[in-house]
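**Student:**
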Amino acid sequence: NAGVTQTPKFQVLKTGQSMTLQCAQDMNHNSMYWYRQDPGMGLRLIYYSASEGTTDKGEVPNGYNVSRLNKREFSLRLESAAPSQTSVYFCASRPGTGNNQPQHFGDGTRLSIL
Amino acid sequence: AQSVTQPDIHITVSEGASLELRCNYSYGATPYLFWYVQSPGQGLQLLLKYFSGDTLVQGIKGFEAEFKRSQSSFNLRKPSVHWSDAAEYFCAVGPYNQAGTALIFGKGTTLSVSS
Numbered sequence: 464n465a466g467v468t469q470t471p472k473f474q475v476l477k478t479g480q481s482m483t484l485q486c487a488q489d490m491n492h493n494s495m496y497w498y499r500q501d502p503g504m505g506l507r508l509i510y511y512s513a514s515e516g517t518t519d520k521g522e523v524p525n526g527y528n529v530s531r532l533n534k535r536e537f538s539l540r541l542e543s544a545a546p547s548q549t550s551v552y553f554c555a556s557r558p559g560t561g562n563n564q565p566q567h568f569g570d571g572t573r574l575s576i577l
Numbered sequence: 013a014q015s016v017t018q019p020d021i022h023i024t025v026s027e028g029a030s031l032e033l034r035c036n037y038s039y040g041a042t043p044y045l046f047w048y049v050q051s052p053g054q055g056l057q058l059l060l061k062y063f064s065g066d067t068l069v070q071g072i073k074g075f076e077a078e079f080k081r082s083q084s085s086f087n088l089r090k091p092s093v094h095w096s097d098a099a100e101y102f103c104a105v106g107p108y109n110q111a112g113t114a115l116i117f118g119k120g121t122t123l124s125v126s127s
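Chains A and B, in that order, are what the protein sequence lines are.
Take 464 as the starting number for the first sequence in the numbering used here and just add one per residue.
Take 13 as the starting number for the second sequence in the numbering used here and just add one per residue.
#1: Which residues in the same chain as A:M495 place their Cβ atom closer than 6 Å to its Cβ, once the five residues preceding and following it in sequence are excluded?
#2: Would you mind telling me which residues of chain A sit closer than 9 Å to B:G65, beta carbon to beta carbon, in chain order?
#3: Could you compute how far the alpha carbon of A:N525 sits from the alpha carbon of A:L508?
#4: Please classify B:P152 as buried or exposed, where buried requires at least 16 neighbouring CB atoms within 10 angstroms.
#5: Are B:A104 and B:L115 touching if we call contact CB-CB under 8 Å?
#6: Against chain B, which members of the segment 483-503 of chain A pass a CB distance test of less than 7 Å?
#7: Are the beta-carbon atoms of B:G71 and B:L56 separated by less than 8 Å?
#8: Name the one or two DSSP bridge partners that B:I116 has.
#9: Among B:N36, B:S30 and B:G28, whose alpha-carbon lies nearest the alpha-carbon of B:G120?
#10: Please classify A:D489 as buried or exposed, where buried requires at least 16 neighbouring CB atoms within 10 angstroms.
#11: Using only the alpha-carbon positions, how far apart do A:R535 and B:S26 sit?
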């Protein structure tokens, strides 16, 4: 079982470059999420998609855009990367919108912006 | 606003000793509660969850957690720690009356295990 798959696993960008982080899940989940993880900050929600066709901002959406391409895929785009966006990015999914459902996480994308 | 507090940033425990990681939440009603573990270079893995009923819940890898409503706490415990338990642990809450939102995570506690 693949679960939640994120690509790439590592990436180095220069300031101002653009980049799309890919996420796909094979669990037929409706809801998908993008978080960033920074030392001492825990996980902060960037954007989420409660269901196919909908997206909403989370706690730290500035500088990012998302696309829910279909039920399986939810991508995160950095249009003009900044050093402050150096982070580890995690995609997660869960069956529906109920908060009694745990989120399933991918292994992360480690992004460095020089 | 809802929040989750993990008071301990870093804990070191000797192998074989018992472990307790603290988690406190701030919310008007009892939320759904979760503990996740993150090994180095990996994603987050669910250890256990609490929805209602018995306040002591069992999880994977020998972990358990106790919900205490009066203290707004959901502390994670393990009777005997193994070196492989060294990881970062996150407590998370899911507001029960806000379907469609995401889980709220604490900032994490890093566990080191000494021999």
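Glycine included, every Cβ here is placed at the ideal spot set by N, Cα and C.
**Tutor:** Put simply:
#1: As a working note, residue 495 of chain A is residue 32 in the first sequence. Correct list, in chain order: S512, F537 and S556.
#2: By one-based count along the second sequence, residue 65 of chain B stands at place 53. In chain order: nothing, as chain A lies at least about 12 Å away.
#3: Against the first sequence, residue 525 of chain A aligns to sequence position 62. Against the first sequence, residue 508 of chain A aligns to sequence position 45. Taking the straight line from one Cα to the other gives about 11 Å.
#4: Since the first residue shown for chain B is 13 and the last is 127, residue 152 of chain B is missing from the structure and cannot be characterised.
#5: If you number the second sequence from 1, residue 104 of chain B lands on position 92. If you number the second sequence from 1, residue 115 of chain B lands on position 103. For B:A104 and B:L115, yes; Cβs fall inside 8 Å.
#6: Within the segment 483-503 of chain A, the residues whose Cβ lies closer than 7 Å to any Cβ of chain B are, in chain order, Y496 and G503.
#7: Here residue 71 of chain B refers to the residue found at position 59 of the second sequence. Here residue 56 of chain B refers to the residue found at position 44 of the second sequence. With contacts defined as CB atoms closer than 8 Å, B:G71 and B:L56 fail to qualify as a contacting pair.
#8: Counted from its first residue, the second sequence places residue 116 of chain B at position 104. DSSP lists B:V105 as partners of B:I116.
#9: Mapped onto the second sequence, residue 120 of chain B falls at position 108. Considering only alpha carbons, the answer is B:N36.
#10: Mapped onto the first sequence, residue 489 of chain A falls at position 26. Counting Cβ neighbours within 10 Å, A:D489 comes out exposed, since fewer than 16 surround it.
#11: Residue 535 of chain A sits at position 72 when you count from the first residue of the first sequence. Residue 26 of chain B sits at position 14 when you count from the first residue of the second sequence. Spanning the two alpha carbons is a distance of roughly 43 Å.
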